[in-house]
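A short worksheet on the structure shown next.
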Amino acid sequence: MSQEIAVVGSPEFTTGFRLAGVSRFENVPDDEKDEQLDDAATAALEDEGVGIVVMHDDDLEHLSRNVRQEVETSVEPVVVTIGSGTGGGGLREQIKRAIGIDLMEEDEDS
């Protein structure tokens, strides 16, 4: 069974992904994130057809403690956060957590 990408966030954030062909998304307007983002993130995490959940890094602040912990520790689906606070090191750690190895590790013989 193939799994899809789901995007959770504001309509402005999800639009680019929808234009790129992502069909699963949870739109949460900025002024409703404190009330609705937990439910949207949980729905994406519990969807068996989703293998990757994409969220904006800043949206993690709007999640409750329990949902944020689920997002940060989820292995399947893997949650990838992008945006202002995510540097190369953050993406590196997310990839390592998702597949179990460090793809960017430099070979000591090089």
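With the working numbering applied, the sequence shown corresponds to residues 230 to 339, in that order. Here a beta-carbon is modelled for each residue, glycine too, at the ideal position from N, C-alpha and C.
Hey, residue i and residue j are a contact pair by Cβ (cut 8 Å); roughly how many whole angstroms apart?
i	j	result
V309	I330	About 17 Å separates the two Cβ atoms, so there is no contact after all.
H340	D263	The shown model of the chain, from 230 to 339, leaves out residue 340, and the question about it has no answer.
L248	V257	In fact, because the Cβ distance is near 19 Å, the residues do not count as touching under 8 Å.
K270	V296	Residue 270 is actually Ala in this sequence, not Lys. That belief holds up - the Cβ atoms of A270 and V296 are roughly 6 Å apart, short of 8 Å.
E233	V279	6 Å
Under a three-way DSSP split, which group does residue i fall into?
i	result
V385	Residue 385 is absent from the model: the chain starts at 230 and stops at 339.
A270	helix
E275	helix
E233	strand
G238	strand
E305	coil
Can you have a look at residue i and say buried or exposed, based on whether 16 or more other CB atoms are within 10 angstroms of its CB?
i	result
D288	buried
R294	exposed
T302	exposed
May I ask you to verify whether the region 297-308 touches the region 267-280, counting CB pairs closer than 8 Å and requiring at least 3? yes
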